[in-house]
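Colleague: Numbering (full-length UniProt numbering), first residue to last: 1 to 122.
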Amino acid sequence: MIFESLTLQNFGPYYGHHSLNLRPEGYRSIILIGGLNGGGKTTLVDALRLALYGHRAPIDRRRSLAYADFLAQCVNTHAAPKDSAAVELTFERVIYISGIEKLGQVRVRRTWQRGRKDTLTV
């Protein structure tokens, strides 16, 4: 699996729309994420986990919160009550079509609003 991009919408400290290019290029096969304490690095990892695993995501700050309460906490505090939050992960993986191995692109998107269930789109 090769991560291509991570897109956040009103998620945690990320207000509005933010997209990161995670695709390795050429001989640069490692993507490093750096920043000051409180800069949102862990939030990016949490977004990856949430996109892939949903309510089963191993996220430390969730603790004993119900999934719906955790999602409500993840909505950026500056977002209007009607605004939705979302995490979207695009990645490539090997797929088999008629026994032939090919690279296929997969896009996973989870969208929610405070007090409502999340919607998964693949």
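Each residue gets a CB set at the ideal place from its N, CA and C atoms; glycine is no exception.
Go ahead and pull the three-state DSSP assignment for residue 113.
Modeller: coil
Colleague: For residue 20, report the span of its beta strand (DSSP E) as first-last.
Modeller: 14 to 21
Colleague: What residue range does the beta strand (DSSP E) around residue 121 cover?
Modeller: 119 to 121
Colleague: Look at the alpha carbon of residue 32 and the alpha carbon of residue 84, and state the distance between them as a whole number of angstroms.
Modeller: 29 Å
Colleague: Report the start-end ranges of each alpha helix (DSSP H) in the UniProt domain "Rad50/SbcC-type AAA" (5 to 119) that is 4 residues or longer and not cut off at the edges.
Modeller: 41 to 53, 67 to 74
Colleague: For residue 51, count neighbouring Cβ atoms within 10 angstroms of its own Cβ and tell me buried if that reaches 16, exposed if not.
Modeller: buried
Colleague: Find the nearest neighbour of residue 47 within the set 95, 9, 65, 28, judged by alpha-carbon distance.
Modeller: When only C-alpha atoms are compared, the closest one is 9.
Colleague: Verify whether the separation of the beta carbon atoms of residue 15 and residue 78 is less than 8 Å.
Modeller: When the beta-carbon positions are compared, residue 15 and residue 78 come within less than 8 Å of each other.
Colleague: Alpha carbon to alpha carbon, how far is residue 102 from residue 81? Give it in angstroms, no decimals.
Modeller: 43 Å
Colleague: How would you label residue 25, buried or exposed, when you count the other beta carbons within 10 angstroms and need 16 or more for buried?
Modeller: So residue 25 counts as exposed.
Colleague: Out of 42, 98, 88, point me to the one whose CA is closest to residue 143's CA.
Modeller: Residue 143 lies beyond the range of the chain shown here (1 to 122); nothing can be said about it.
Colleague: With residue 86 and residue 111 assumed to form a contact (beta carbons below 8 Å), what rounded beta-carbon distance in angstroms separates them?
Modeller: 4 Å
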